[in-house]
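Comments concern the structure below.
2 protein chains.
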Amino acid sequence: MAPTIKDIARIAKVSPTAVSIALNGRPGVSEKTREQIRRIAEDVGYRPNYVAKTLISRRSQSIGLIVSNIADLFYTELARGVEKRANEKGYTLLLCNTNRSLESEKRFIDMLRGRGVDGIILATVEKGDPCVRSLVEEHFPFVLINRLPMDPSVTNRFDYVVQDNFSGGYLGIEHLYRLGHDQIAVVAGDLKTSTGIRKMEGVKKAMSDFDLKIDRRLVVDCRYMRNKAYDAAMQLLSMKNRPTAFFCHDDNMALGVREAILQDELKIPEDIALMGFDNIDTASLTKIDLTTITNNTSEMGELGTGILIDKIEGTTHDMVSKIVLEVKLVILY
Amino acid sequence: MAPTIKDIARIAKVSPTAVSIALNGRPGVSEKTREQIRRIAEDVGYRPNYVAKTLISRRSQSIGLIVSNIADLFYTELARGVEKRANEKGYTLLLCNTNRSLESEKRFIDMLRGRGVDGIILATVEKGDPCVRSLVEEHFPFVLINRLPMDPSVTNRFDYVVQDNFSGGYLGIEHLYRLGHDQIAVVAGDLKTSTGIRKMEGVKKAMSDFDLKIDRRLVVDCRYMRNKAYDAAMQLLSMKNRPTAFFCHDDNMALGVREAILQDELKIPEDIALMGFDNIDTASLTKIDLTTITNNTSEMGELGTGILIDKIEGTTHDMVSKIVLEVKLVILY
DNA sequence: AGTGCTTGCTTTAACGTTTAAGTAGTTAGA
DNA sequence: TCTAACTACTTAAACGTTAAAGCAAGCACT
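Protein chains in written order, with the working numbering: chain A, 383 to 715; chain B, 383 to 715.
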């Protein structure tokens with residue numbers, strides 16, 4: 383059995399409370415006793431039991447992170463930012479992967495709360511997500527990253543860090559328009575999520591500003607999945623009047639589209655223009671040279687985590703942070 | 383305050399124990415009472431407190447995963463496998479990122495044990511790592527994935543799942559040799575880790591089998607970091623007698639070398655041959671077409687996690703699993 | 001000398017749960 | 001009819017820690 387505070391107390395011939403006081407550096411024991419207790423703790427290899435601490439203090443110094451796919455580079459970057467900031471602040475990360483299931487999002491939230499996490503970072507909400515409402519109502523600390531629920535009835539009552547997806551969508555179309563394209567296919571991200579929806583709104587605004595017709599057959603929801611994007615692109619490329627440009631809601635899908643384009647022996651950008659979104663690491667490799675939209679994903683994670691921890695530690699008790707990060711075009715040559 | 387078992391007990395006018403029995407489906411209460419208690423629990427939104435459960439049962443249904451860099455695709459894949467299996471078996475994942483620091487590995491292990499994880503998956507051990515010894519001695523359940531401590535004094539006493547790095551190293555050189563190369567640069571992984579060391583041993587065996595001279599100036603330890611590999615390649619390429627092939631200990635570094643080669647306006651594979659290791663997702667993209675060595679990284683994670691959980695649950699109490707996964711050459715055209 | 005304050009502890013109870021032991025009340029068997 | 005066994009609970013203690021209250025000894029001040 384791992385030694386406890388009681389074992390140390392017995393050896394030092396003091397009460398467990400004295401040991402607790404001594405080891406936590408609180409005033410209430412003499413320096414002599416404190417040193418002796420510290421030495422014994424060291425000798426027996428004492429390791430504090432955070433489970434017991436958590437139970438009594440109602441603080442676990444841990445946070446939960448819920449993402450939809452850890453294999454996706456975007457979420458990996460996000461997780462890296464979250465882990466970094468959490469670790470800096472002395473919090474441990476519990477990682478949950480929903481595989482895009484709303485039902486498991488709910489299960490994970492319950493589980494994390496049952497496990498006593500001090501707060502949750504949710505990167506998976508969908509439009510109208512019921513989880514947000516209940517977290518708000520129960521005043522449980524949480525921060526939304528990347529996605530918003532877009533539910534008017536709960537607006538303004540939670541913290542979030544997102545990127546300016548509308549501008550991103552706009553920038554993408556604007557760029558392609560300026561290059562002379564008017565047959566632009568849009569490989570949309572999940573249109574049940576705010577990122578997909580807002581990007582699409584930006585796309586539409588740009589198309590209307592530049593007098594481009596929106597051809598519904600050229601818009602496909604590929605749910606941020608590379609293989610779906612590949613399939614969709616293969617199909618779009620086989621149309622008699624095929625698009626001359628593809629704007630993809632993330633780089634991952636853009637890479638899928640890229641495979642389809644190259645497989646048809648077409649050249650990028652000479653024959654077909656291609657744009658992604660997120661500026662993942664792979665995008666900048668030579669001969670990938672993906673034109674994309676950058677947003678500093680890991681910073682979203684860091685910022686959101688910082689906000690969450692401030693919230694938990696009560697320094698920003700009834701302040702609500704709403705951060706929308708700017709996005710920027712990245713063109714590689 | 384979140385409702386507890388006591389609140390339910392008060393409402394149902396039974397003892398807390400009865401509620402515990404009822405909700406956990408154990409025999410000892412009438413079906414009528416059980417149903418009533420279930421209904422009340424539902425009504426008040428009862429959520430079991432796993433912290434308290436853990437404290438008394440000494441089981442948290444959680445495991446820790448320690449990796450050295452979550453931004454690295456290799457570890458991402460590994461983590462995906464681990465998360466998948468853990469989740470299937472009802473375990474939660476606590477994720478720790480050491481950023482290659484041995485000191486933080488030790489800190490994380492202590493922290494995870496203090497948090498009551500039921501077991502740990504260690505993917506970061508270095509040669510002679512002292513952490514392994516103490517885990518073994520204290521009989522704490524853990525599984526090593528990917529790397530081994532190579533410490534003869536603790537051999538044979540722990541479970542692991544690794545890939546056959548020796549064969550991988552051998553295969554790489556053999557392949558390049560058969561293509562006619564005799565000036566092969568080796569961009570080594572961390573030579574303080576078993577993966578780097580074993581790959582290097584395979585490399586040396588192959589070189590001696592094929593009568594290739596080992597030129598020490600052509601071997602660089604780049605610690606699995608892409609930018610270091612890039613820098614090293616830039617330097618190697620500027621030598622008067624530059625190598626005609628690069629064998630990299632992981633794909634990540636291979637991509638760094640690739641940038642250096644392409645930047646020198648050299649062609650792969652015509653001017654310079656390039657090989658990686660791990661077969662990360664990016665390797666198979668068209669125009670990356672990286673020749674690499676595959677090993678099914680996420681399977682390593684799944685297998686290791688399965689072994690750990692079996693260990694925890696006592697089904698394989700004093701059995702030691704030592705799994706070495708085969709590797710295979712992947713050549714893309 | 002008596003009062004009050006400080007120091008350095010100890011004791012008790014609590015956090016939310018489970019486990020073990022106990023106890024009424026009912027049923028069954030001889 | 002008595003005992004044994006079962007059912008459906010309850011009570012008490014425990015898991016490892018901390019917070020709150022208590023207390024004895026020593027000291028300072030009047």
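The beta-carbon is built from N, C-alpha and C at its ideal position, and this holds for glycine as well.
CB contact check: residue i to chain A, cutoff 8 Å
| i | result |
| --- | --- |
| LEU365 (chain B) | With chain B represented from 383 up to 715, any question about residue 365 (chain B) goes unanswered, as that position is not in the structure. |
| ILE555 (chain B) | no |
| LYS669 (chain B) | yes |
| THR697 (chain B) | no |
| ARG515 (chain B) | no |
| GLY492 (chain B) | With the sequence shown as reference, residue 492 (chain B) is identified as Asp, and Gly is not the correct amino acid for it. Closer than 8 Å to some Cβ of chain A, the Cβ of ASP492 (chain B) qualifies, so yes. |
| TYR432 (chain B) | yes |
| LEU437 (chain B) | yes |
| ILE445 (chain B) | no |
| ILE452 (chain B) | yes |
| ARG441 (chain B) | no |
| THR664 (chain B) | yes |
| ARG429 (chain B) | yes |
Where residue i falls, given that 16 or more other Cβ within 10 Å makes a residue buried
| i | result |
| --- | --- |
| VAL702 (chain B) | exposed |
| MET589 (chain B) | buried |
| LEU714 (chain B) | exposed |
| HIS557 (chain A) | buried |
| LYS466 (chain B) | buried |
| THR697 (chain A) | exposed |
| SER444 (chain B) | buried |
| ASN538 (chain A) | exposed |
| GLY410 (chain A) | exposed |
| GLN545 (chain B) | buried |
| ASN677 (chain B) | buried |
| ILE675 (chain A) | buried |
| SER620 (chain A) | exposed |
| ARG392 (chain A) | exposed |
Nearest residue (CA-CA) to residue i, options the options
| i | options | result |
| --- | --- | --- |
| ILE654 (chain B) | B:ILE713, B:THR474, B:ASP597 and B:LEU561 | B:LEU561 |
| PHE490 (chain B) | A:ALA567, A:SER439 and A:THR474 | A:THR474 |
| SER535 (chain A) | A:ASP546, A:GLY550 and A:VAL518 | A:VAL518 |
| LEU437 (chain B) | B:ARG495, B:PHE628 and B:ALA567 | B:ARG495 |
| LYS586 (chain A) | A:ALA611, A:LYS574, A:ARG608 and A:LEU553 | A:LEU553 |
| ILE503 (chain A) | A:ILE555, A:VAL449 and A:ASP546 | A:VAL449 |
| ALA461 (chain B) | B:THR506, B:GLY498 and B:ASP646 | B:THR506 |
| ILE705 (chain A) | A:ASN623, A:ASN547 and A:GLY472 | A:ASN547 |
| PHE522 (chain A) | A:LYS414, A:GLU695 and A:GLU708 | A:GLU695 |
| LYS710 (chain B) | B:ASN528, B:GLY550 and B:LEU685 | B:GLY550 |
| ASP603 (chain B) | B:MET621, B:THR626, B:ASP591 and B:ALA567 | B:ALA567 |
| GLU708 (chain B) | B:VAL543, B:THR687 and B:SER439 | B:VAL543 |
| ASN481 (chain A) | A:ARG529, A:ALA453, A:GLU470 and A:MET582 | A:ALA453 |
| LYS669 (chain B) | B:GLU684, B:GLY688 and B:LEU637 | B:LEU637 |
| VAL514 (chain B) | B:LYS622, B:GLY686, B:VAL499 and B:MET532 | B:MET532 |
| LYS367 (chain B) | B:SER439, B:TYR559 and B:ASP572 | No statement about residue 367 (chain B) is possible, as the shown extent of chain B runs from 383 to 715 and does not include it. |
| THR415 (chain B) | B:GLY472, B:PRO398, B:ARG429 and B:ASN431 | B:PRO398 |
| LYS693 (chain B) | B:GLN418, B:VAL525 and B:GLY463 | B:VAL525 |
C-beta neighbour in chain B for residue i, strict 8 Å
| i | result |
| --- | --- |
| LEU637 (chain A) | yes |
| ILE713 (chain A) | no |
| ARG420 (chain A) | no |
| THR577 (chain A) | no |
If we require 3 or more residues per run, which beta strand (DSSP E) segments fall completely within the region 522-602 of chain B?
Entirely contained in the region 522-602 of chain B, the beta strand (DSSP E) runs reaching 3 residues are, in chain order, 524-527, 541-545 and 566-570.
| said: For the region 458-478 of chain B, list every residue whose C-beta sits within 9 Å of some C-beta in chain A, in sequence order. | reply: Going along the region 458-478 of chain B in chain order, one finds THR458, GLU459, ALA461, ARG462, GLU465, LYS466, ASN469, THR474, LEU475, LEU476, LEU477 and CYS478 with a Cβ nearer than 9 Å to chain A.
- prompt: What residues from the region 641-652 of chain A come within 8 Å of chain B, judged by C-beta to C-beta, listed N to C?
  reply: Residues of the region 641-652 of chain A that bring their beta carbon within less than 8 Å of a beta carbon in chain B comprise GLU641, LEU644 and GLN645, in sequence order.
What residues from the region 529-543 of chain A come within 8 Å of chain B, judged by C-beta to C-beta, listed N to C?
The region 529-543 of chain A vs chain B, Cβ under 8 Å: nothing.
Next item on the list: Counting only runs of 3+ residues fully inside the region 426-488 of chain A, write out the beta strand (DSSP E) ranges in chain order.
Entry: Correct list: 444-449 and 474-479.
| Can you list, in chain order, the residues of the region 601-635 of chain B whose Cβ is nearer than 8 Å to any Cβ on chain A? | Residues of the region 601-635 of chain B with a C-beta less than 8 Å from any C-beta of chain A: none at all.
Sequence ranges, beta strand (DSSP E) only - wholly within the region 632-658 of chain A, length at least 3: Correct list: 655-657.
In the region 494-525 of chain A, which residues sit with their C-beta less than 7 Å from some C-beta in chain B, listed in chain order?
-> Result list: ARG495, GLY496, ARG497 and GLY498.
>> If we require 3 or more residues per run, which beta strand (DSSP E) segments fall completely within the region 676-708 of chain B?
In response: DSSP runs (the beta strand (DSSP E)) wholly in the region 676-708 of chain B: 704-707.
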